[in-house]
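A short write-up of the structure that comes next.
In full-length UniProt numbering, the protein residues as written are 1 to 66.
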């Protein structure tokens, strides 16, 4: 009987460590910056740093078309 309780305690600990901790890691803060061309605020992952200014990828796409 004690082996079953120890086994269940280990399973509970593994569940808490892997599944509960994973949810906390998903809440990362996002850094928003203003695009130097259009003035919208976008995530830094969606920008390109050019000459010390952040330019959003949409403005870069529009610039290539013209």
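We put the beta carbon where it would ideally sit given N, CA and C, even for glycine.
By the three-class DSSP mapping on this structure, what secondary structure does residue i have?
i, result
"residue 40", "coil"
"residue 110", "Nothing about residue 110 can be reported from this structure: the residues present for the chain run from 1 to 66 only."
"residue 59", "helix"
"residue 29", "coil"
"residue 46", "helix"
Would you give the residue range spanned by the alpha helix (DSSP H) that residue i belongs to?
i, result
"residue 67", "Because the chain in this structure spans residues 1 to 66, residue 67 falls outside the shown range and cannot be described."
"residue 6", "2-15"
Just how far apart, CA to CA, sit residue i and residue j?
i, j, result
"residue 18", "residue 10", "12 Å"
"residue 14", "residue 29", "27 Å"
"residue 52", "residue 20", "40 Å"
"residue 16", "residue 63", "50 Å"
"residue 54", "residue 36", "6 Å"
Do residue j and residue i have their beta-carbon atoms positioned less than 8 Å apart in this structure?
i, j, result
"residue 56", "residue 46", "yes"
"residue 48", "residue 42", "no"
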